[in-house]
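Chains as they are written, first to last, in our numbering: chain E, 69 to 372; chain L, 42 to 371; chain U, 2 to 549. Worksheet for the structure shown next.
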């Protein structure tokens, strides 16, 4: 995988010979680019961090109770009273968006965190232990990967019943595989490196080599993948919600709001537009963040 | 090469075994008694006697391993079971719907490539110029929208406002185009970027510099050199995506009311039509594995440059390439 | 047709979409489909129906319209996971009936709710358990075969033998002799002619094919040419139709379409008519390109209150609930005013209607008072009342049809007003779910006058062991009255029994009636000669419809 390749190149790049072979101009250019990349990363991680904080404190800014139904004012258009209009039972859409954000965002983050952790553990063990264990676990991974992922997720979510927690479990059930593969191949390549072999020869315990040397080295690519996955998972969660498998009513959540709104797309477009914009904004922020992480850790690749 | 193919084929056996286990137990553990569901179709509560009889007939009273064994045994005889809801053989149901999804997938993929390759080239040629930036921003925006949202907008614009295409795809000659456009738009977001990067990468290679140095015209360098070398990579990506896309069009099919396998599968989950669901998952997983195998082999043939390296890392590469396709289906 | 749909959709996954598709079917069920089977009553036991309506051919011209026009519409009443034309599956006879492929022996006049002739010209009750039906002369199946009593017998024997919805008729045997069909029943089957108007009792040529699920040969104005697995059907005109020349050259019907999509399909010009979601109606009202037809339906949305489960075991809680719900606000907010509020079962002009006997007015203070008198107080100040240290939390079970999930959110909010907490459970298999009895409140929709009679509602919902008696309502007097209702042929006495039954129902606090439905159908301009009745569009008059 490119990520690993470039990672190796980075290590190789530390060898004096490779530096000498490069022209001074190139180094300058590279340094400049690196600075820009760093700056981008810092900006986007600040924005992402701000987003994470904002979705938590946002409910405090909600002008109305997000659960307060007003049957006399259903589907009313945006106005001074309701800035983003009201939904099918007269709830204030702005308040629901503000109060629902953390569900959408943290559900995706939770999925990524869980799958990245589980996948990394499985993959690392496979790569490290090798042998029959590796073969069996990797075939299981192959099998999971062969499933149509959406159908698999729906089936698991349907099996467990609706609700946010179940939706998260369902999404985790299928998406851990890519991390497992990534971690495995990463560990495999690092394992062969001289410094790891050297560590083993000098008598460090296998476990300490694994945790102190191998794992930190493969983490880079995992982090890139994870940061790039967050926006995917937000979209995936929206898809599940669209099928009615997301958050249980009446909790506000963006995907569910979109799902509710599609019935009134024509007559009350604000029920779709605002939650849609919210998802869109978050996906863009997380997407840019992921890209910047990727660029930082994979300087040779533009983006993917 | 032959050895490689045989090895890959042999690996299919354990993979499919595990796939079948997961498929079977996923459905087996799902709540709801299929016999009761079947009997209450008419709206009446099933009476105990009929229920017991049907459970017996469907073999639902047997131990789980017997049920699994029977299911697998039947599969080897080409019998995927009988759909609880339609009473038709599952194989026949899937065969009925599969051509539609295949058509949709192939058409979307073709359209995607037809749009993304020129745009990707454009971006690459004008790297970091305004046209590149605009197209990249557009594709980024596009990629940040859920697929169903794009479908809803297209239905509103192309169907309701312009009246160019039917809003309900099912049972309509032009019906395939609405979901095709949706998928193509959603897919091309990442394709434009990937193609752009692939070509930029090629343009930076030594052989291109050589050609330029030789004074070969820029367009020839681009098309005969860079594109020719980047194309196998692009087609590999498309091929691998193809396998994933076949099983990933559900939501679009639903929104556009297109009669495809994905919609059938979602319905079968809703209806708790276990045999159909299991059959679908099994068949799609099989197709996915085969498509990947074929693409891997073809890729190795087409691009001897990567043959050596690719044979080793084929499996790994797949992960990343297919990851992008997840986005499409939402 | 009522309940089937419920289960169907509920489709979790398909939920949003598929489910809604059904809804569409459903919503429309109450429209077109219940139209065909619903409605009044009041024929006498003997030969009431004679050929009043347009008798055979005689070239009844269908008026204006382009004879080469083709009609497009969405098939409704399709309540199954998959589309079948097999009338042995409950409520699916409507599929071919609504497409003009098959017909029934009798039709229900949707205005008067009387039985009127169709393929049969008259019926006679010979004795308590024997009915004699005269089949019309000169009618042919679309394959040219003559319609005889024998052919009817075979079709009905097949259907009655398997279709669970027809068990209510208690038919024991059919005999055919020339054009006379004799039906014998086990015990008295008072409303048999009404049941024969049901689209479950369609007449088709049983010998034309062996697989009835993929199309039927009927006597109707249109002939099925082509049908795919999902029920998209293409029909062409039956030029030998016995009532005259059908209005258009071909009909194309789509099936299982989501309500929201019906609106877009109408706007894009793909279909000529359809039942749209309440919230979409404004797109078509006051729009010169469309006409909106609205009709009261005898369909009621109501709540089951379960006296056998947790907090609602306490009569005080059930009594408080009677005052907890603001029907007007629900009607306006959730259904955009498309309906009429009610606290009784039957529609106001129904002869079966008995007024609610209790005070069920919306009254938050009254509800709160009832609760506090019974010892439910908010001791910890969280807005939720407790008794014996336990906070009251009710389970509201619903399904994805009729806008019920939204209704439940409104109910939940109103419960909060009186200090009751609640959770909403949206079930995909609603009948299974409710059958378990683990709910406090359940929403439901039911056609109260299927076949133009009350029995098909009262028996399953309030009779002991009835298949929709989810809260185990069991009053011996009601059971006795239902038994009488089954046998009574005198219409006015039937109404008496029905009213008496309602008194017992109202005395208990086990049901809350919210509203009667108004069905709306949107037509594109240029569709003419559509017949409407109380339930909605009269699909038995499909053959008259023309298109410019």
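Don't be surprised by glycine CBs; every beta carbon is placed ideally from N, CA and C.
{"Check": "Going along the chain, which unbroken runs of the alpha helix (DSSP H) with 4 or more residues stay wholly within the region 92-179 of chain U?", "Outcome": "94-98, 150-163"}
{"Check": "Counting only Cβ pairs nearer than 7 Å, list the residues of chain L close to residue 210(E).", "Outcome": "56"}
{"Check": "Residue 171(E) to residue 284(E), Cα distance in whole Å?", "Outcome": "31 Å"}
{"Check": "Could you have a look at residue 298(E) and say whether DSSP puts it in helix, strand or coil?", "Outcome": "helix"}
{"Check": "Among the candidates 47(L), 146(L), 284(L), whose CA atom is the shortest distance from the CA of residue 294(L)?", "Outcome": "146(L)"}
{"Check": "Could you tell me whether any Cβ in chain E is nearer than 9 Å to the Cβ of residue 104(L)?", "Outcome": "no"}
{"Check": "Considering only C-alpha positions, which residue in the set 231(U), 206(U), 211(U) is nearest to residue 224(U)?", "Outcome": "206(U)"}
{"Check": "Quick check for students: name the residue ranges of the alpha helix (DSSP H) that lie wholly in the region 470-541 of chain U, counting only runs of 4 or more.", "Outcome": "477-488, 492-508"}
{"Check": "From the DSSP output, read off the bridge partner residues of residue 1(U).", "Outcome": "Residue 1(U) cannot be examined here, being either before or after the span of chain U that is shown, 2 to 549."}
{"Check": "Check the Cβ of residue 231(E) against every Cβ in chain U and list those closer than 8 Å, keeping chain order.", "Outcome": "Going along chain U, no residue has its Cβ under 8 Å from residue 231(E), so there is no contact; the nearest lies around 11 Å."}
{"Check": "Name the chain L residues that come within less than 9 Å of residue 306(E), Cβ to Cβ?", "Outcome": "187, 189, 190, 371"}
{"Check": "Do residue 59(L) and residue 320(L) have their C-beta atoms within less than 9 Å of each other?", "Outcome": "no"}
{"Check": "With 9 Å as the threshold, decide whether the Cβ of residue 168(L) is near any Cβ in chain U.", "Outcome": "no"}
{"Check": "Going along chain U in order, which residues have a C-beta closer than 8 Å to the C-beta of residue 201(L)?", "Outcome": "265, 268, 269"}
{"Check": "Any Cβ of chain L within less than 9 Å of the Cβ of residue 227(E)?", "Outcome": "yes"}
{"Check": "Beta strand (DSSP E) containing residue 295(U): first to last residue?", "Outcome": "291-306"}
{"Check": "Among the candidates 510(U), 469(U), 455(U), 388(U), whose CA atom is the shortest distance from the CA of residue 484(U)?", "Outcome": "455(U)"}
{"Check": "Around the C-beta of residue 458(U), are 16 or more other C-beta atoms found within 10 angstroms, so that it is buried, or is it exposed?", "Outcome": "buried"}
{"Check": "Determine whether the Cβ of residue 258(U) lies closer than 9 Å to any Cβ atom of chain L.", "Outcome": "yes"}
{"Check": "Applying the criterion that 16 or more other CB atoms from any shown protein chain within 10 Å of the CB defines a buried residue, is residue 537(U) buried or exposed?", "Outcome": "buried"}
{"Check": "Cα-Cα, which of 187(L), 102(L), 322(L), 94(L) is closest to residue 121(L)?", "Outcome": "322(L)"}
{"Check": "Could you spell out the range, first to last residue, of the alpha helix (DSSP H) harbouring residue 235(U)?", "Outcome": "Taken as a continuous stretch (DSSP letters only), residue 235(U) belongs to no alpha helix (DSSP H), being part of the beta strand (DSSP E) at 234-238."}
{"Check": "Report, in whole angstroms, the separation of the C-beta atoms of residue 130(E) and residue 167(E), which I expect to be a contact under 8 Å.", "Outcome": "5 Å"}
{"Check": "For residue 194(E) and residue 57(L), I'd like the C-alpha separation in whole angstroms.", "Outcome": "20 Å"}
{"Check": "Who pairs with residue 182(U) in a beta bridge, going by DSSP?", "Outcome": "134(U), 177(U)"}
{"Check": "Please confirm if residue 229(U) has its CB atom under 9 Å from at least one CB of chain L.", "Outcome": "yes"}
{"Check": "What do you get for residue 539(U), buried or exposed, if any count of 16 or more other CB atoms within 10 angstroms of its CB means buried?", "Outcome": "buried"}
{"Check": "Listed in chain order, which residues of the region 96-120 of chain U have Cβ atoms closer than 8 Å to some Cβ of chain E?", "Outcome": "none"}
{"Check": "Within its chain, find whatever has a CB closer than 6 Å to the CB of residue 405(U); leave out the 5 residues flanking it on each side and keep chain order.", "Outcome": "399, 444"}
{"Check": "Using C-beta distances below 7 Å, list every residue in its chain close to residue 334(U), excluding the 5 sequence neighbours before and after it, in chain order.", "Outcome": "411"}
{"Check": "Can you name the residues of chain E whose CB is closer than 8 Å to the CB of residue 335(U)?", "Outcome": "139, 142, 156, 157"}
{"Check": "Grab the span of the alpha helix (DSSP H) containing residue 248(U) for me, first residue to last.", "Outcome": "Run containing residue 248(U): none; DSSP gives neither H nor E here."}
{"Check": "Nearer than 8 Å: is that true of the beta carbon of residue 121(L) relative to any heavy atom of the ligand HEM?", "Outcome": "This structure simply doesn't include the ligand HEM, nor any ligand for that matter."}
{"Check": "Helix, strand or coil: which one does DSSP assign to residue 367(L)?", "Outcome": "Low local confidence applies: a pLDDT of 36 at residue 367(L) is under 50, so the model's placement there is unreliable, with the coordinate-based value given in what follows. Correct three-state label for residue 367(L): helix."}
{"Check": "For chain L, find out if any of its Cβ atoms is closer than 9 Å to the Cβ of residue 33(U); answer yes or no.", "Outcome": "Unreliable positioning characterises residue 33(U) in this predicted model, as indicated by a pLDDT of 29, which lies under 50. A coordinate reading is not provided."}
{"Check": "Distance, Cα to Cα, residue 310(U) vs residue 441(U)?", "Outcome": "6 Å"}
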